[in-house]
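With positions in the sequence shown counted from 1, the corresponding number in the numbering used here is that position plus 234. Idealized CB from N, CA, C, for every residue including glycine.
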Amino acid sequence: MFDIAETSPAYPDGPIPTDQEMRDFALEPRGPPPPPEPGHDPLPAAKRIAFNGVDFPSSAIRPHEPVEIELVKAIDSASKTLRIAMYEFGLESVWDALQRAKKRGIKIEVILDRSHVYTTGYEDDGVTPRKPKQMVVDLLRDKAFDVLLLKGRSGGIMHNKFILVDEGLVEFGSYNYTRQSEEDHYENIFFSIENARISGYIKYFEYMRGLAEEPDMDKLEDVLTREDAIMPEADE
(Lines of atoms letter the chains of each structure in order from A and count residues from 1; the text may use other names and numbers.)
(Lines give C-alpha, C1' and ligand atoms only; values in the text may rest on other atoms or scores of the structure.)
Protein backbone atom coordinates (compact mmCIF):
# COMPACT_ATOMS: atom_id res chain seq x y z
CA MET A 1 0.00 0.00 0.00
CA PHE A 2 2.73 2.44 0.93
CA ASP A 3 4.67 1.70 -2.28
CA ILE A 4 1.66 2.78 -4.32
CA ALA A 5 1.39 6.01 -2.36
CA GLU A 6 4.93 7.04 -3.28
CA THR A 7 5.54 9.50 -6.12
CA SER A 8 5.60 7.61 -9.42
CA PRO A 9 7.80 8.51 -12.39
CA ALA A 10 6.11 10.13 -15.37
CA TYR A 11 4.37 7.76 -17.73
CA PRO A 12 6.22 7.45 -21.10
CA ASP A 13 5.02 9.59 -23.98
CA GLY A 14 2.71 7.92 -26.47
CA PRO A 15 -0.90 6.79 -26.77
CA ILE A 16 -3.15 7.25 -23.75
CA PRO A 17 -2.71 4.09 -21.64
CA THR A 18 -5.55 1.87 -20.54
CA ASP A 19 -6.48 1.58 -16.85
CA GLN A 20 -4.77 -1.81 -16.66
CA GLU A 21 -1.58 -0.42 -18.23
CA MET A 22 -1.58 2.40 -15.68
CA ARG A 23 -2.00 -0.06 -12.80
CA ASP A 24 0.80 -2.27 -14.12
CA PHE A 25 3.07 0.75 -14.50
CA ALA A 26 2.32 1.99 -10.97
CA LEU A 27 2.89 -1.41 -9.37
CA GLU A 28 6.04 -2.49 -11.20
CA PRO A 29 9.28 -2.43 -9.15
CA ARG A 30 11.19 0.87 -9.08
CA GLY A 31 14.55 -0.11 -10.54
CA PRO A 32 16.77 -3.01 -9.45
CA PRO A 33 16.43 -4.49 -5.95
CA PRO A 34 18.83 -3.22 -3.28
CA PRO A 35 22.10 -5.10 -2.88
CA PRO A 36 22.37 -7.64 -0.05
CA GLU A 37 23.56 -6.44 3.32
CA PRO A 38 27.33 -6.58 3.77
CA GLY A 39 28.62 -9.53 5.73
CA HIS A 40 29.17 -9.02 9.42
CA ASP A 41 32.37 -9.77 11.25
CA PRO A 42 32.12 -12.97 13.31
CA LEU A 43 30.89 -12.32 16.83
CA PRO A 44 33.39 -12.87 19.62
CA ALA A 45 32.86 -16.16 21.40
CA ALA A 46 30.94 -15.82 24.65
CA LYS A 47 32.70 -16.70 27.86
CA ARG A 48 31.70 -20.07 29.26
CA ILE A 49 30.37 -20.73 32.74
CA ALA A 50 29.83 -24.02 34.55
CA PHE A 51 26.92 -24.89 36.83
CA ASN A 52 25.91 -28.27 38.26
CA GLY A 53 28.49 -29.87 35.99
CA VAL A 54 26.96 -28.35 32.84
CA ASP A 55 28.64 -25.84 30.52
CA PHE A 56 26.72 -22.71 29.45
CA PRO A 57 27.54 -19.65 27.35
CA SER A 58 27.45 -16.38 29.24
CA SER A 59 25.36 -15.04 26.33
CA ALA A 60 23.76 -16.13 23.07
CA ILE A 61 21.86 -14.26 20.38
CA ARG A 62 19.44 -15.28 17.67
CA PRO A 63 19.76 -15.92 14.81
CA HIS A 64 23.54 -16.34 15.14
CA GLU A 65 23.47 -18.97 17.89
CA PRO A 66 20.92 -21.53 19.11
CA VAL A 67 19.12 -20.55 22.30
CA GLU A 68 16.51 -23.27 22.73
CA ILE A 69 19.05 -25.98 23.50
CA GLU A 70 20.64 -23.85 26.23
CA LEU A 71 17.27 -23.34 27.95
CA VAL A 72 16.65 -27.07 27.94
CA LYS A 73 20.11 -27.71 29.38
CA ALA A 74 19.42 -25.22 32.16
CA ILE A 75 16.14 -26.87 33.16
CA ASP A 76 17.67 -30.34 32.92
CA SER A 77 20.53 -29.25 35.20
CA ALA A 78 18.20 -28.44 38.11
CA SER A 79 18.53 -30.68 41.15
CA LYS A 80 16.31 -28.80 43.64
CA THR A 81 14.32 -25.81 42.39
CA LEU A 82 13.19 -23.96 39.29
CA ARG A 83 11.71 -20.48 39.41
CA ILE A 84 10.42 -19.27 36.06
CA ALA A 85 8.83 -16.02 34.90
CA MET A 86 7.54 -16.10 31.34
CA TYR A 87 5.46 -13.80 29.22
CA GLU A 88 4.73 -16.32 26.45
CA PHE A 89 5.02 -20.10 26.55
CA GLY A 90 4.79 -22.46 23.62
CA LEU A 91 8.14 -24.20 23.16
CA GLU A 92 7.64 -27.97 23.19
CA SER A 93 11.22 -28.76 24.19
CA VAL A 94 10.96 -26.53 27.26
CA TRP A 95 7.66 -28.16 28.22
CA ASP A 96 9.27 -31.59 27.88
CA ALA A 97 12.19 -30.46 30.06
CA LEU A 98 9.74 -29.23 32.71
CA GLN A 99 8.02 -32.61 32.64
CA ARG A 100 11.38 -34.30 33.23
CA ALA A 101 12.09 -31.92 36.11
CA LYS A 102 8.70 -32.75 37.61
CA LYS A 103 9.52 -36.46 37.49
CA ARG A 104 12.83 -35.76 39.28
CA GLY A 105 10.88 -34.12 42.11
CA ILE A 106 12.10 -30.59 41.39
CA LYS A 107 10.09 -27.82 43.07
CA ILE A 108 8.82 -25.68 40.19
CA GLU A 109 7.35 -22.20 40.69
CA VAL A 110 6.06 -20.26 37.70
CA ILE A 111 4.77 -16.73 37.14
CA LEU A 112 2.73 -16.23 33.97
CA ASP A 113 1.48 -13.06 32.35
CA ARG A 114 -2.20 -12.79 33.24
CA SER A 115 -3.27 -11.55 29.81
CA HIS A 116 -1.98 -14.75 28.19
CA VAL A 117 -4.33 -16.78 30.39
CA TYR A 118 -7.50 -14.70 30.50
CA THR A 119 -7.36 -13.81 26.83
CA THR A 120 -9.76 -11.35 25.23
CA GLY A 121 -10.72 -10.25 21.75
CA TYR A 122 -10.59 -12.18 18.51
CA GLU A 123 -8.06 -13.51 16.04
CA ASP A 124 -7.35 -11.67 12.81
CA ASP A 125 -10.43 -13.19 11.19
CA GLY A 126 -12.59 -11.23 13.61
CA VAL A 127 -14.58 -14.38 14.39
CA THR A 128 -12.39 -16.83 16.32
CA PRO A 129 -11.96 -15.82 19.98
CA ARG A 130 -8.40 -15.58 21.23
CA LYS A 131 -7.62 -18.36 23.67
CA PRO A 132 -4.54 -19.30 25.71
CA LYS A 133 -2.11 -21.73 24.16
CA GLN A 134 -2.76 -25.35 25.02
CA MET A 135 0.65 -25.61 26.67
CA VAL A 136 -0.31 -22.79 29.05
CA VAL A 137 -3.58 -24.55 29.86
CA ASP A 138 -1.76 -27.83 30.51
CA LEU A 139 0.68 -26.04 32.81
CA LEU A 140 -2.16 -24.49 34.81
CA ARG A 141 -4.02 -27.77 35.14
CA ASP A 142 -0.98 -29.74 36.32
CA LYS A 143 -0.94 -29.55 40.12
CA ALA A 144 2.77 -30.40 40.17
CA PHE A 145 3.51 -26.84 39.06
CA ASP A 146 3.00 -23.92 41.45
CA VAL A 147 1.69 -21.32 39.01
CA LEU A 148 0.60 -17.75 39.75
CA LEU A 149 -0.60 -15.00 37.40
CA LEU A 150 0.60 -11.42 37.34
CA LYS A 151 -0.34 -8.32 35.39
CA GLY A 152 1.56 -5.06 35.23
CA ARG A 153 0.62 -1.80 36.84
CA SER A 154 -2.09 0.40 35.30
CA GLY A 155 -3.16 -2.28 32.86
CA GLY A 156 0.37 -3.33 31.94
CA ILE A 157 1.81 -6.82 31.53
CA MET A 158 4.26 -9.18 33.21
CA HIS A 159 6.87 -9.09 30.45
CA ASN A 160 9.74 -10.93 32.15
CA LYS A 161 11.46 -14.00 30.76
CA PHE A 162 13.91 -15.59 33.17
CA ILE A 163 14.73 -18.90 34.82
CA LEU A 164 16.38 -19.39 38.21
CA VAL A 165 17.97 -22.81 38.67
CA ASP A 166 18.73 -24.07 42.19
CA GLU A 167 19.15 -20.44 43.27
CA GLY A 168 22.61 -20.55 41.69
CA LEU A 169 22.12 -19.93 37.95
CA VAL A 170 19.93 -17.38 36.20
CA GLU A 171 18.97 -17.14 32.53
CA PHE A 172 17.44 -13.87 31.37
CA GLY A 173 16.97 -11.76 28.25
CA SER A 174 14.50 -10.91 25.51
CA TYR A 175 13.73 -14.48 24.44
CA ASN A 176 10.14 -15.68 24.90
CA TYR A 177 9.86 -19.43 25.26
CA THR A 178 8.20 -19.92 21.86
CA ARG A 179 9.07 -21.52 18.53
CA GLN A 180 8.83 -18.14 16.81
CA SER A 181 11.53 -16.71 19.08
CA GLU A 182 13.91 -19.49 18.05
CA GLU A 183 13.16 -19.47 14.34
CA ASP A 184 12.08 -15.95 13.38
CA HIS A 185 13.15 -13.34 15.90
CA TYR A 186 16.25 -11.37 16.80
CA GLU A 187 16.73 -12.28 20.46
CA ASN A 188 19.32 -12.43 23.21
CA ILE A 189 19.82 -14.34 26.44
CA PHE A 190 22.39 -14.27 29.22
CA PHE A 191 23.47 -16.79 31.82
CA SER A 192 25.01 -15.75 35.12
CA ILE A 193 26.23 -17.36 38.32
CA GLU A 194 27.19 -14.06 39.96
CA ASN A 195 26.01 -14.09 43.56
CA ALA A 196 24.75 -10.50 43.58
CA ARG A 197 22.78 -10.98 40.36
CA ILE A 198 21.30 -14.28 41.57
CA SER A 199 20.28 -12.66 44.84
CA GLY A 200 18.63 -9.79 42.98
CA TYR A 201 16.60 -12.09 40.76
CA ILE A 202 15.51 -14.23 43.72
CA LYS A 203 14.25 -11.13 45.54
CA TYR A 204 12.56 -9.87 42.38
CA PHE A 205 10.84 -13.22 41.82
CA GLU A 206 9.60 -13.31 45.41
CA TYR A 207 8.39 -9.72 45.08
CA MET A 208 6.37 -10.60 41.97
CA ARG A 209 4.97 -13.72 43.62
CA GLY A 210 3.74 -11.56 46.45
CA LEU A 211 1.78 -9.44 43.97
CA ALA A 212 0.52 -12.33 41.85
CA GLU A 213 -2.80 -14.16 42.07
CA GLU A 214 -3.92 -17.77 42.03
CA PRO A 215 -5.39 -18.84 38.69
CA ASP A 216 -9.18 -18.95 38.62
CA MET A 217 -9.90 -22.23 36.85
CA ASP A 218 -13.60 -21.42 36.42
CA LYS A 219 -12.67 -18.18 34.70
CA LEU A 220 -10.18 -20.06 32.53
CA GLU A 221 -12.92 -22.50 31.55
CA ASP A 222 -15.14 -19.58 30.52
CA VAL A 223 -12.32 -18.30 28.30
CA LEU A 224 -11.78 -21.71 26.74
CA THR A 225 -15.46 -22.19 25.93
CA ARG A 226 -16.03 -18.82 24.28
CA GLU A 227 -17.81 -19.28 20.99
CA ASP A 228 -17.09 -17.72 17.63
CA ALA A 229 -18.52 -14.28 17.05
CA ILE A 230 -21.74 -14.12 15.06
CA MET A 231 -21.12 -11.95 12.03
CA PRO A 232 -24.03 -9.80 10.80
CA GLU A 233 -25.53 -10.94 7.54
CA ALA A 234 -24.73 -8.76 4.55
CA ASP A 235 -27.57 -6.68 3.18
CA GLU A 236 -28.95 -8.06 -0.03
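For residue j and residue i, the rounded distance between their alpha carbons
i, j, result
"Glu-416", "Met-451", "30 Å"
"Asn-429", "Val-370", "31 Å"
"Lys-377", "Trp-329", "15 Å"
"Arg-348", "Pro-266", "48 Å"
"Asp-418", "Phe-425", "22 Å"
"Leu-454", "Ser-388", "22 Å"
"Ala-312", "Asp-462", "42 Å"
"Val-301", "Ile-295", "7 Å"
"Glu-357", "Asn-422", "28 Å"
"Leu-471", "Ser-292", "The requested residue 471 does not occur in the structure, where the chain is confined to residues 235 to 470."
"Asn-394", "Val-361", "30 Å"
"Glu-202", "Gln-414", "Outside the shown range of the chain, which is 235 to 470, sits residue 202, and nothing can be said about it."
"Tyr-409", "Phe-290", "16 Å"
"Gly-287", "Ala-308", "11 Å"
Among the options, the one whose alpha carbon lies nearest that of residue i
i, options, result
"Ala-446", "Arg-282, Phe-290, Arg-338 and Val-344", "Val-344"
"Leu-458", "Tyr-321, Ala-280 and Lys-367", "Lys-367"
"Asp-456", "Tyr-409, Asn-410, Asp-372 and Thr-354", "Thr-354"
"Asp-372", "Asn-410, Met-442, Gly-390 and Leu-332", "Leu-332"
"Met-392", "Ala-335, Ser-327 and Val-351", "Val-351"
"Gly-386", "Ile-427, Asp-289, Lys-336 and Leu-346", "Leu-346"
"Ala-335", "Met-320, Val-306, Tyr-321 and Pro-363", "Val-306"
"Leu-383", "Arg-443, Glu-326 and His-298", "Arg-443"
"Lys-337", "Pro-297, Ile-250 and Thr-315", "Thr-315"
Three-state secondary structure (DSSP) of residue i
i, result
"Val-344", "strand"
"Tyr-435", "helix"
"Arg-389", "Arg is not the amino acid found at residue 389; the sequence shown has Gly there. Here Gly-389 sits in helix by DSSP."
"Ser-293", "strand"
"Glu-447", "strand"
"Leu-305", "helix"
"Arg-338", "coil"
"Leu-277", "coil"
"Asn-422", "strand"
Buried versus exposed call for residue i [16 or more other C-beta atoms within 10 Å across all chains shown]
i, result
"Gly-339", "exposed"
"Thr-412", "buried"
"Arg-375", "exposed"
"Ala-279", "exposed"
"Ala-284", "exposed"
"Val-399", "buried"
"Gly-324", "buried"
"Glu-448", "exposed"
"Ile-303", "exposed"
Cβ distance (whole Å) where residue i is taken to contact residue j below 8 Å
i, j, result
"Tyr-420", "Phe-396", "Their Cβ separation, rounded to whole angstroms, is 19 Å, which puts Tyr-420 and Phe-396 out of contact at 8 Å."
"Ile-342", "Asp-380", "7 Å"
"Glu-402", "Ile-432", "The question names Glu, but residue 402 is Gly in the sequence shown. Yes, Gly-402 and Ile-432 are in contact; Cβ-Cβ is about 6 Å, under 8 Å."
"Pro-363", "Arg-282", "Actually they do not touch by this definition, with Cβ atoms about 46 Å apart."
CB contact below 8 Å: residue i versus chain D
i, result
"Ser-311", "The question asks about chain D, but that chain is absent: this structure has only one protein chain."
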